[in-house]
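Worksheet: the structure to be examined is printed underneath.
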Amino acid sequence: MTGEKNMLAGKAVVVTGAGRGIGREIALEFARHGARVVVNDLGVSVNGADSGESPADEVVRLIRAAGGEAVANADSVADWTGAHRIVETALDQFGRIDAVVNNAGILRDGMFHKMTEADFDAVLGVHLKGGFNVARAAAPHFRQQQSGAYVHMTSNSALIGNLGQANYMAAKLGVVGLSKAIALDMKAFGVRSNCVSPSAATRMGDTVPVATEEQRLRAQRRQSMTADTIAPLVVFLASDAAREVSGQIFAVRRNEIFLMSQPRPLRALHRGEGWSVETLADHLLPALRPSLVPLDRVSDVFAWDPV
18 MTGEKNMLAG KAVVVTGAGR GIGREIALEF ARHGARVVVN DLGVSVNGAD SGESPADEVV
78 RLIRAAGGEA VANADSVADW TGAHRIVETA LDQFGRIDAV VNNAGILRDG MFHKMTEADF
138 DAVLGVHLKG GFNVARAAAP HFRQQQSGAY VHMTSNSALI GNLGQANYMA AKLGVVGLSK
198 AIALDMKAFG VRSNCVSPSA ATRMGDTVPV ATEEQRLRAQ RRQSMTADTI APLVVFLASD
258 AAREVSGQIF AVRRNEIFLM SQPRPLRALH RGEGWSVETL ADHLLPALRP SLVPLDRVSD
318 VFAWDPV
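Numbers 18 to 324, taken from the working numbering, label the letters of the sequence shown in order.
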């Protein structure tokens, strides 16, 4: 696209789940900054069912109409062969691949004691296994060219907590571990990997039930956070301007950007003669109780309106 600073001129990127919502805005932002974009989207509903639509084609049309380069792809990230075809689309169409944004996702919410194996497997299959599949497909090419960037979408639900999302939380926290592993294993080849936790009004967010005044206010707050506010950080992290940033977790809420903490020791107890169940009962809780992490939900931690 013309009229924007070409921070990614000549580069080719893959954005999964890019037909709608956050992925769509990310694809458009990449194109505005000169990147050539593979717009991957199955066109499924929020729960992964076939919708009969092809939203990726519309995003490609928008990019091309503005003078950019883009191609649509409708392979499933959850399929190993399909994920490789997504990456091969970039190589076939643009001759290279420089960044992967793992954004594709579905939701099948339910309380843990009611969650089915099928719903658990489906969500992990797209978010976690799908993220691995596409990242792994790009890895040999990144290694060969000694450069590349991954941006994986995680969630505040996983980083902090939420009700009725055991499958989604497990998948999205797994994505954090996957990103850190990639950052460590691929560092020697000049490859970076980071996570972004977005807060925005999307189809997935709209599925959250609204039964109480608290939930209504939370939904109202979410509507003020549009998907386009997420895209600049993702594009920045994929650009050479962020070449020294890897293994990090960022969160975005409208105009707020947060660097999120990662697990580190909080307190330590030592007993020279070792521990028994009895001594733990006597000493562990009194010593550590002030530092125990509460069972917070996202709304408890991000309790203020987005700015």
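Every residue, glycine too, gets a C-beta built ideally from N, C-alpha and C. Remember, predicted model here, so these are calculated numbers, not experimental data.
For residue i, the three-state DSSP class (helix, strand or coil)
i	result
residue 210	strand
residue 88	strand
residue 174	helix
residue 319	coil
residue 160	helix
residue 254	helix
residue 261	coil
residue 57	strand
residue 31	strand
residue 216	strand
residue 274	strand
residue 184	helix
residue 300	helix
residue 150	helix
residue 194	helix
residue 247	coil
residue 94	coil
residue 36	coil
residue 20	Summary for residue 20: the model assigns pLDDT 45, below 50, so the residue's position carries little reliability; its value from the coordinates is reported in the next sentence. Correct three-state label for residue 20: coil.
residue 135	helix
Beta carbon of residue i nearer than 9 Å to that of residue j
i	j	result
residue 106	residue 55	yes
residue 74	residue 33	no
residue 244	residue 253	no
residue 247	residue 80	no
residue 149	residue 183	no
residue 264	residue 200	yes
residue 63	residue 123	yes
residue 195	residue 152	yes
residue 91	residue 60	yes
Classification of residue i by the beta-carbon crowding that lies within 10 angstroms, buried from 16 upward
i	result
residue 112	exposed
residue 50	buried
residue 53	buried
residue 25	buried
residue 300	exposed
residue 93	buried
residue 28	buried
residue 129	exposed
residue 209	buried
residue 270	buried
Chain-order list of residues whose beta-carbon lies under 6 Å from that of residue i (same chain, five-residue window excluded)
i	result
residue 110	88
residue 155	104, 114 and 117
residue 72	36, 37, 58 and 60
Cβ-based neighbour list, residue i, same chain, cut-off 8 Å, excluding 5 preceding and 5 following
i	result
residue 190	171, 175 and 176
residue 11	What the structure shows of the chain is the stretch from 18 to 324, and residue 11 is not part of that stretch, so it cannot be assessed.
residue 272	246, 323 and 324
residue 23	50 and 51
residue 315	173, 174, 177, 178 and 179
Cutoff 7 Å; reference residue i; Cβ partners in own chain excluding five residues on either side
i	result
residue 207	163 and 164
residue 127	136 and 181
Spatial distance of residue i from residue j (CA atoms)
i	j	result
residue 322	residue 160	43 Å
residue 216	residue 158	32 Å
residue 114	residue 30	6 Å
residue 309	residue 202	32 Å
residue 41	residue 82	15 Å
residue 144	residue 311	27 Å
residue 77	residue 103	15 Å
residue 147	residue 169	11 Å
residue 283	residue 85	49 Å
residue 188	residue 140	7 Å
residue 290	residue 319	43 Å
residue 120	residue 293	46 Å
residue 180	residue 36	28 Å
residue 256	residue 204	16 Å
residue 288	residue 304	13 Å
residue 285	residue 101	45 Å
residue 45	residue 262	23 Å
residue 2	residue 125	The question about residue 2 has no answer, for the chain in this structure spans 18 to 324.
residue 229	residue 307	31 Å
residue 297	residue 279	26 Å
residue 19	residue 43	Because residue 19 carries a pLDDT of 47, less than 50, the predicted location of this residue cannot be relied on, and the following value inherits that uncertainty. Rounded to the nearest angstrom, the two C-alpha atoms are 16 Å apart.
residue 142	residue 241	30 Å
residue 295	residue 47	59 Å
residue 302	residue 317	24 Å
Near the ligand GTP: residue i beta-carbon under 8 Å from a heavy atom
i	result
residue 264	The ligand GTP is not part of this structure, which contains no ligands at all.
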